[in-house]
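Protein chains in written order, with this note's numbering: chain C, 1 to 218; chain X, 1001 to 1218. Ideal placement from N, C-alpha and C gives every residue a C-beta, glycine not left out. One structure is given below, encoded as structure tokens.
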DNA sequence: ATTAATTTTTAGGCATACCAAAATTAATAA
DNA sequence: TTATTAATTTTGGTATGCCTAAAAATTAAT
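Right under this line is the structure:
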């Protein structure tokens, strides 16, 4: 298997089950990778042979220790590059995902560690995702989703789980950036949409969007 | 054809005939790409169909205007990255070639132009090779090889044509870096090796090495 | 518990990009 | 000019990584 293929599978499996408790379904993998489920089955069998995953037919998949290490190193590369693109090269948080998707496959530890050093070994990337250190150790946190927020409470935006340009530009427009303080004014019973107050302005957040915003109680 | 494959073929054809006058042989291409000549024939037929090259059976290959533009953009990416790695990230000129070989395939003009801007739009890379500008325009020069130097003359080192770590480390050891002034003390009749004086020390250069050093008369 | 819906797997195929060995073509030397 | 050598192309074959359609297995619903 080509390294890039392996890396993309392992990274995606990791992203679908970062704590490695849950087992990952082929369907979800196929969706994320934009390929046919039949191809996923085939690939997982090979990844199992290569000892990167434990794949049990018609049940699910999880990373082995080796697979997990490799996945973490890809995730590290991706997140370090995203941070570098934003902090050092002046890109917006809404335009770095695609580029990092390519840069993450450049295999050179010295390069990534150098970038990390220049950035002061950051622990979070521009989307609030934790960056594994050179050993693969990753910051744990107990943040919640905005969709789980309670009415009248104050929160701080800590991250996003959708990295698409469209979504991030929408957030920018309403000043819903990482670090921003927000208050949950009300939750519509009808459709579960959330009315937020951010910088004294009201914003209506759809349930789908609220599911992609990570917050911490204040 | 995968873009990376196309890019590697076009870049290699360009490097073997940068002025696009000479026609490139399959054998040389196969050598540079470390693949079988039969595979080269096959690939060239496809590149011809795709209008990137004009390939005439049993005669040779040259780039079309389209192919030349693409080749120049890969060469630009490669050389900008090499320069960035050396100047901004502290790598040695002997360790950047391999990394740039991967980075050159990252497709994002804004990124490359940003890097170029940070570097002050350099015209030469760390090995003395000219960097095409964003439009593909490239600096012409009439440098010669050290192997063509004349006795007793003074020269300035302008570049190298071999980018291997081994060769560059050897040059470093004798202070034969870009910009260094050298004097040709003598040329051995026996084997054409050259005795140089650089920083008051004598160095004996083999014909093979002399063929990889680019100089300019002083 | 049986049916229905969904997910996963199998089977058969296709394009890419490489290979080795044989055949052809071109270049060089006698 | 012919023979020899070298380069190129053809032929047939391989592994990868994807596909569609059909079959099988699992899960959910009645």
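From what residue to what residue does the alpha helix (DSSP H) around residue i run?
{"i": "residue 5(C)", "result": "3-16"}
{"i": "residue 102(C)", "result": "97-103"}
{"i": "residue 80(C)", "result": "65-87"}
{"i": "residue 1040(X)", "result": "1037-1049"}
{"i": "residue 1161(X)", "result": "Run containing residue 1161(X): none; DSSP gives neither H nor E here."}
{"i": "residue 172(C)", "result": "165-173"}
How many angstroms separate the CA atom of residue i from the CA atom of residue j?
{"i": "residue 1170(X)", "j": "residue 106(C)", "result": "27 Å"}
{"i": "residue 1075(X)", "j": "residue 32(C)", "result": "33 Å"}
{"i": "residue 1034(X)", "j": "residue 1027(X)", "result": "10 Å"}
{"i": "residue 1102(X)", "j": "residue 204(C)", "result": "44 Å"}
{"i": "residue 20(C)", "j": "residue 98(C)", "result": "25 Å"}
{"i": "residue 192(C)", "j": "residue 153(C)", "result": "16 Å"}
{"i": "residue 1050(X)", "j": "residue 1120(X)", "result": "35 Å"}
{"i": "residue 180(C)", "j": "residue 156(C)", "result": "6 Å"}
{"i": "residue 131(C)", "j": "residue 1089(X)", "result": "20 Å"}
{"i": "residue 1069(X)", "j": "residue 140(C)", "result": "48 Å"}
{"i": "residue 1109(X)", "j": "residue 1084(X)", "result": "15 Å"}
{"i": "residue 60(C)", "j": "residue 17(C)", "result": "12 Å"}
{"i": "residue 114(C)", "j": "residue 137(C)", "result": "18 Å"}
{"i": "residue 82(C)", "j": "residue 94(C)", "result": "10 Å"}
{"i": "residue 1202(X)", "j": "residue 1161(X)", "result": "22 Å"}
{"i": "residue 189(C)", "j": "residue 208(C)", "result": "15 Å"}
{"i": "residue 1213(X)", "j": "residue 63(C)", "result": "50 Å"}
{"i": "residue 163(C)", "j": "residue 1015(X)", "result": "39 Å"}
{"i": "residue 1187(X)", "j": "residue 67(C)", "result": "58 Å"}
{"i": "residue 116(C)", "j": "residue 1023(X)", "result": "45 Å"}
{"i": "residue 5(C)", "j": "residue 1149(X)", "result": "50 Å"}
{"i": "residue 1196(X)", "j": "residue 1147(X)", "result": "12 Å"}
Could you tell me the boundaries of the beta strand (DSSP E) in which residue i lies?
{"i": "residue 1113(X)", "result": "Note, residue 1113(X): premise wrong, no beta strand (DSSP E); alpha helix (DSSP H) at 1109-1118."}
{"i": "residue 256(C)", "result": "Because chain C spans 1 through 218 in this model, residue 256(C) falls outside it and cannot be assessed."}
{"i": "residue 124(C)", "result": "No beta strand (DSSP E) holds residue 124(C); DSSP gives it neither H nor E."}
{"i": "residue 1055(X)", "result": "1053-1056"}
Relative to the C-alpha of residue i, which candidate in the options has its C-alpha closest?
{"i": "residue 167(C)", "options": "34(C), 218(C) and 210(C)", "result": "210(C)"}
{"i": "residue 1129(X)", "options": "1067(X), 1136(X) and 1159(X)", "result": "1159(X)"}
{"i": "residue 25(C)", "options": "58(C), 91(C), 164(C) and 127(C)", "result": "58(C)"}
{"i": "residue 1008(X)", "options": "1023(X), 1047(X) and 1194(X)", "result": "1047(X)"}
{"i": "residue 217(C)", "options": "144(C), 196(C) and 187(C)", "result": "144(C)"}
{"i": "residue 118(C)", "options": "172(C), 56(C), 79(C) and 87(C)", "result": "87(C)"}
{"i": "residue 111(C)", "options": "146(C), 194(C) and 80(C)", "result": "80(C)"}
{"i": "residue 1178(X)", "options": "1215(X), 1165(X) and 1199(X)", "result": "1215(X)"}
{"i": "residue 245(C)", "options": "92(C), 41(C), 38(C) and 36(C)", "result": "The question about residue 245(C) has no answer here: the residues shown for chain C are numbered 1 through 218."}
Decide if residue i is buried, meaning its Cβ has at least 16 other Cβ atoms within 10 Å, or exposed.
{"i": "residue 175(C)", "result": "exposed"}
{"i": "residue 184(C)", "result": "buried"}
{"i": "residue 1151(X)", "result": "exposed"}
{"i": "residue 134(C)", "result": "exposed"}
{"i": "residue 43(C)", "result": "buried"}
{"i": "residue 1071(X)", "result": "buried"}
{"i": "residue 1011(X)", "result": "buried"}
{"i": "residue 100(C)", "result": "buried"}
{"i": "residue 77(C)", "result": "buried"}
Name the DSSP bridge partner or partners of residue i?
{"i": "residue 181(C)", "result": "156(C)"}
{"i": "residue 146(C)", "result": "Residue 146(C) pairs with nothing; no bridge assigned."}
{"i": "residue 216(C)", "result": "156(C)"}
{"i": "residue 1197(X)", "result": "1183(X) and 1202(X)"}
{"i": "residue 1132(X)", "result": "None, per the DSSP bridge assignment."}
{"i": "residue 61(C)", "result": "24(C) and 55(C)"}
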